[in-house]
Amino acid sequence: MSTKLDPFFRDAGFFIFRLVLGFLFVMHGWQNAVTKGWGSTRDSFAAMNIPATDIAATLASWGELITGVLLILGLLTRLSSLVLVIDMAGAFWFVHKDAGLWSSDGGYEYVLVLGACALLLLMAGPGAVSVDKLLFGRKKNSSDAPAARVSSEIAQPRDGVEPTVA
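Position 77 of the sequence shown, counting from 1, maps to 77 under full-length UniProt numbering, and the rest follow consecutively.
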């Protein structure tokens, strides 16, 4: 069932989703870059045999911090999300995959969820409450898309006969 409030709830949901995900990445990036310090993060990456340790530690720490801020703002959301999907894929592959699923055992549960959340924003975009929306405007209404037009034309009654759905 669809209501007139659906767009409001969808936009509010994406806004809250983006804020929470961005906050988590800001805090994680801040922890690695500032709280623990870059040297400690680099040493941790070296202990986990992550290749190109200096580059990887810098990109992961500052990348998470900066892209987290961009997600909160809804600015360059798809690009930021792509960076985070790659970041979480690296965390999965180099750090967590051999420990199993559960994060309590050092597994990939948490990075899988964060990566999937970033993938959702990459695919769906930031939503209406975003700087991206202000800068780049609204996309063409999805009902203008050819598939939506064809679908609505198929559902129209022909010669007074209602279409049936199997």
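Note that CB positions come from ideal geometry on N, CA and C, so glycine has one too.
Exercise. Since Leu121 contacts Arg42 with CB under 8 Å, what's their CB separation in whole angstroms?
Worked result: At roughly 29 Å, the Cβ-Cβ gap does not stay under 8 Å, so Leu121 and Arg42 are not in contact.
Exercise. Taking DSSP as the reference, what is the three-state secondary structure of Ile86?
Worked result: Helix at Ile86.
Problem set entry | Distance CB(Gly90)-CB(Ala56) smaller than 9 Å | Remark: C-beta atoms of Gly90 and Ala56 approach each other more closely than 9 Å.
Exercise. Under three-state DSSP, which class holds Ile66?
Worked result: It is helical.
Exercise. Candidates Met123, Thr35, Asp54: which alpha carbon is nearest Leu82's?
Worked result: The shortest C-alpha separation from Leu82 is found at Met123.
Exercise. Thinking C-beta only, is Asn32 closer than 9 Å to Ala52?
Worked result: In this structure, Ala52 keeps its C-beta atom at 9 Å or more from the C-beta atom of Asn32.
Exercise. In chain order, what residues of the same chain have a beta carbon less than 6 Å from the beta carbon of Ala118, not counting five sequence neighbours either side?
Worked result: Cβ neighbours of Ala118 beyond the five flanking positions: Ser81, Leu84, Val85.
Problem set entry | Inter-residue CB distance, Asp11 and Ala128 (contact presumed, cutoff 8 Å) | About 4 Å separates the two Cβ atoms, so the contact holds.
Problem set entry | Three-state secondary structure (DSSP) of Tyr108 | The three-state reading of DSSP puts Tyr108 in coil, since its state is none of H, G, I, E or B.
Exercise. Shorter than 9 Å from the beta carbon of Val111 to some beta carbon of chain B?
Worked result: Note that chain B does not occur in the displayed structure, where there is just one protein chain.
Problem set entry | Ala128 (DSSP reduced to helix, strand or coil) | Note: Ala128 maps to coil in three-state DSSP.
For this session: Go to Ile16, then tell me how far its alpha helix (DSSP H) extends in each direction, as first and last residue.
Result: That run of the alpha helix (DSSP H) goes 6–30.
Exercise. Grouping DSSP H, G and I as helix and E and B as strand, with all else coil, what is residue 173?
Worked result: In the structure as shown, the chain begins at 1 and stops at 166. Residue 173 is therefore absent and cannot be evaluated.
For this session: Name the residue from Tyr110, Leu101, Leu75 whose alpha carbon lies nearest to the alpha carbon of Lys133.
Result: Lys133 has its Cα closest to that of Leu75, out of Tyr110, Leu101, Leu75.
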